[in-house]
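The block underneath contains the structure these notes are about, expressed in structure tokens.
Numbering (my numbering), first residue to last: 60 to 257.
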């Protein structure tokens, strides 16, 4: 979605390959190792395709919109350019991806009787977010990955965009039928029944 959106809008790609590598390592690679060695939730095999699509499509859409919005907003600010926009887009993608990882791996199908998986997943997510912060504030790492310095205002932009992506994923995954009905102008239930013998 991100590639299609940037091409359609005529934008430069929102992150460099080296920025994508650190983002993928911290938000996909390391969590994938822990996913492969962890015990899956009891109902994880049931209706796998439907569950994946119900989460992945809304999450991907919300994440793409948040990253593009951060990119456009940052690039439009005074004294900001493409390097700053790429830095904040990468942070948005990585941190939102980690929140999604904690949500799926830690809390989907979790029981309040055993809090081990949610707690360990939350700790893993916090450590990996710490990895992003360490990368941003260590000059050698920041320069290697071609990130720019990040100030408090930048963190506010990233925080708001992460919250918006999480809210967008929740709304899309829980209310997609109502949203689709609204977009296609499907008649309401009481209007469908009007004129029919009941």
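Think of the CB as a built atom: it goes at the ideal place given N, C-alpha and C, for glycine as much as any other residue.
Predicted, not measured: the structure shown is a model, and the values here were computed from it.
Assumed close pair residue i, residue j - CB separation to whole angstroms, cut-off 8 Å
{"i": "residue 188", "j": "residue 154", "result": "6 Å"}
{"i": "residue 90", "j": "residue 160", "result": "5 Å"}
{"i": "residue 125", "j": "residue 224", "result": "4 Å"}
{"i": "residue 85", "j": "residue 145", "result": "Not really, about 16 Å apart at Cβ, beyond 8 Å."}
{"i": "residue 191", "j": "residue 150", "result": "6 Å"}
{"i": "residue 132", "j": "residue 216", "result": "7 Å"}
{"i": "residue 183", "j": "residue 93", "result": "6 Å"}
{"i": "residue 10", "j": "residue 152", "result": "This structure cannot speak to residue 10, because the chain is shown only from 60 to 257."}
Collapsed DSSP secondary structure at residue i in the structure displayed
{"i": "residue 97", "result": "coil"}
{"i": "residue 82", "result": "helix"}
{"i": "residue 207", "result": "coil"}
{"i": "residue 227", "result": "helix"}
{"i": "residue 66", "result": "helix"}
{"i": "residue 73", "result": "coil"}
The alpha helix (DSSP H) enclosing residue i, as first and last residue numbers
{"i": "residue 142", "result": "141-160"}
{"i": "residue 113", "result": "107-135"}
{"i": "residue 182", "result": "175-196"}
Residue from the options whose Cα sits closest to the Cα of residue i
{"i": "residue 130", "options": "120, 121, 143 and 119", "result": "143"}
{"i": "residue 120", "options": "229, 164 and 87", "result": "229"}
{"i": "residue 213", "options": "71, 136, 110 and 193", "result": "136"}
{"i": "residue 127", "options": "180, 82, 80 and 67", "result": "67"}
Whole-angstrom distance between residue j and residue i, CA atom to CA atom
{"i": "residue 265", "j": "residue 77", "result": "The chain is shown only over 60 to 257; residue 265 falls outside these bounds and no answer can be derived."}
{"i": "residue 106", "j": "residue 235", "result": "18 Å"}
{"i": "residue 140", "j": "residue 158", "result": "27 Å"}
{"i": "residue 156", "j": "residue 220", "result": "12 Å"}
{"i": "residue 202", "j": "residue 117", "result": "33 Å"}
{"i": "residue 206", "j": "residue 97", "result": "33 Å"}
{"i": "residue 231", "j": "residue 180", "result": "24 Å"}
{"i": "residue 178", "j": "residue 72", "result": "36 Å"}
Residue i CB to nearest heavy atom of the ligand COA below 7 Å
{"i": "residue 117", "result": "Among the ligands in the structure shown, none appear at all, so the ligand COA cannot be discussed."}
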